[in-house]
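Peer 1:
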Amino acid sequence: MRRPPRRRGRLVRLRQAVLALAAIVGLAALALARRDVVPAPTRIEVGPAWTAVALKSFRNVALLRLTADGAFSLRLDGERVQRVSPSSGATVRPKTLRSLELRSGRGPITVTLTPRGE
0 MRRPPRRRGR
10 LVRLRQAVLA
20 LAAIVGLAAL
30 ALARRDVVPA
40 PTRIEVGPAW
50 TAVALKSFRN
60 VALLRLTADG
70 AFSLRLDGER
80 VQRVSPSSGA
90 TVRPKTLRSL
100 ELRSGRGPIT
110 VTLTPRGE
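Numbered according to numbering that gives the first Met the number 0, the sequence shown terminates at residue 117, and the numbering increases by one at each position without gaps.
1) Give the C-beta separation of Leu63 and Leu112 to the nearest angstrom, bearing in mind that I take them to be a contact with Cβ-Cβ under 8 Å.
2) Along the chain, where does the beta strand (DSSP E) containing Phe71 start, and where does it finish?
3) Please report the Cβ distance between Pro114 and Pro47, rounded to the nearest whole angstrom; I am assuming they are in contact, meaning their Cβ atoms lie under 8 Å.
4) If you draw a straight line from the C-alpha of Gly106 to the C-alpha of Leu20, how long is it?
5) In this structure, what does DSSP give as the bridge partners for Gln81?
6) List, from N- to C-terminal side, the beta strand (DSSP E) runs of 3 residues or more that fit wholly inside the stretch 46-70.
7) By the 10 Å Cβ neighbour count, where 16 or more other Cβ atoms means buried, how is Leu65 classified, buried or exposed?
8) Return helix, strand or coil for Arg105, following the three-state DSSP convention.
9) Would you mind working out which of Lys55, Gly69, Arg97, Val24 sits nearest Ala89, comparing C-alpha positions?
10) Among the candidates Gly104, Leu99, Arg12, whose CA atom is the shortest distance from the CA of Ser56?
Shown next as structure tokens:
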């Protein structure tokens, strides 16, 4: 009696499924590892004109603390303006912001943006 021919397709499909699953797990692990990286504090020189802050590098951060050696103003999402004193500083949530702009009260100052966890 003759045997039916063996099907190799089943083994090939199984191998492809295992490789695809391994790739998905590897990419997920990389994404989780990258999420925990907190950027270093950034210093920005601002003057009396509005200076836009690039929020892209701070999107994965829960909170962003802004401090300066002089008084400055924040403009959040192009609408709300908040005055900040040098002694208090300000904390914002970068995930909810569309734009962030800064300007000094008097003369050029350095504003420090410090990423924080919750």
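Backbone N, C-alpha and C fix where the C-beta goes; we use that ideal spot for every residue, glycine too.
Note that this is a predicted model, so its numbers are computed, not measured.
Peer 2: Let me lay it out:
1) Confirmed, Cβ separation roughly 6 Å.
2) Start and end: 71-75.
3) Rounded, the Cβ-Cβ distance is 27 Å, inconsistent with contact.
4) Approximately 57 Å between the Cα atoms of the pair.
5) Leu73
6) 62-67
7) buried
8) coil
9) Gly69
10) For Ser56, the closest of Gly104, Leu99, Arg12 by C-alpha to C-alpha distance is Leu99.
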